[in-house]
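First residue of the sequence shown? That's 1359 in my numbering, and the numbers climb one at a time after it.
Backbone N, C-alpha and C define an ideal beta-carbon position, used for all residues, glycine too.
Since the structure comes first, as structure tokens, the remarks are kept for the end.
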Amino acid sequence: MRTADKRPKYVEWLNADVIHEASRNWLSELRFIKDEQRFFENLIKSYTLQLIDSERFSNSKKLVARLDALQKKNKAFIETVKSHENELLIMVDGLDQLKKEDAYKTKHRALIVDINKYFKTYRSLKKRLFDTIDDIMKHEKQKRLLQ
1359 MRTADKRPKY
1369 VEWLNADVIH
1379 EASRNWLSEL
1389 RFIKDEQRFF
1399 ENLIKSYTLQ
1409 LIDSERFSNS
1419 KKLVARLDAL
1429 QKKNKAFIET
1439 VKSHENELLI
1449 MVDGLDQLKK
1459 EDAYKTKHRA
1469 LIVDINKYFK
1479 TYRSLKKRLF
1489 DTIDDIMKHE
1499 KQKRLLQ
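Spelled out as structure tokens, the structure:
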């Protein structure tokens, strides 16, 4: 029985400029998400009574727990990317340290996968959260019109 080859078939050439630019973009995106998450916390506080309504409670509880988990993950990613950015010195120091440079590139490729997965998960949660709040707002508007 043959085992599947787990190495990527296509590997992008990573130089210091590409890695630096990717790290800066990640950091910018992660900081923006951090601000967005604060907005979501305030939004959740504003609609707490509607979110704990019996028909929405279980879904709302899951959304809030997921948001909390993603906030913690975001904080960890910010620190990881800052550290990764500081370690970029290995690539630009002018010394040939092939093993360290390869390890750094491997770490960068793993970060690409992990951060992109995080962004995808976050976007999914964000959509679900907006849909839930939108539903609540529509329901509240209908209540006011009927009164």
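Query                                                                                                                                                                       : Result
Would you mind reading off the limits of the alpha helix (DSSP H) that contains residue 1386?                                                                               : 1374-1404
Write down the C-beta distance between residue 1465 and residue 1442 rounded to the nearest angstrom, noting that I regard them as a contact closer than 8 Å.               : 7 Å
Three-state secondary structure (DSSP) at residue 1455?                                                                                                                     : coil
Starting from residue 1443, trace the alpha helix (DSSP H) in both directions and tell me its first and last residue.                                                       : 1415-1444
Under 8 Å between the Cβ atoms of residue 1429 and residue 1494?                                                                                                            : no
How would you write the range of the alpha helix (DSSP H) that residue 1448 sits in, first residue to last?                                                                 : 1447-1450
Of the choices 1492, 1477 and 1482, whose alpha-carbon is the least far from that of residue 1390?                                                                          : 1477
How big is the Cα-Cα spacing for residue 1454 and residue 1375?                                                                                                             : 17 Å
Is the segment 1385-1402 in contact with the segment 1415-1433, if contact means three or more CB pairs nearer than 8 Å?                                                    : yes
Residue 1392 and residue 1432: beta carbons closer than 8 Å?                                                                                                                : yes
With a threshold of 7 Å on Cβ separation, who are the neighbours of residue 1377 within its own chain once the five nearest residues in sequence on each side are excluded? : 1446, 1449 and 1466
Can you say whether residue 1439 is buried or exposed, counting buried as having 16 or more other CB atoms within 10 angstroms of its CB?                                   : buried
Measuring CB to CB, does residue 1487 end up less than 8 Å from residue 1398?                                                                                               : yes
Under the three-state reduction of DSSP, which class applies to residue 1470: helix, strand or coil?                                                                        : helix
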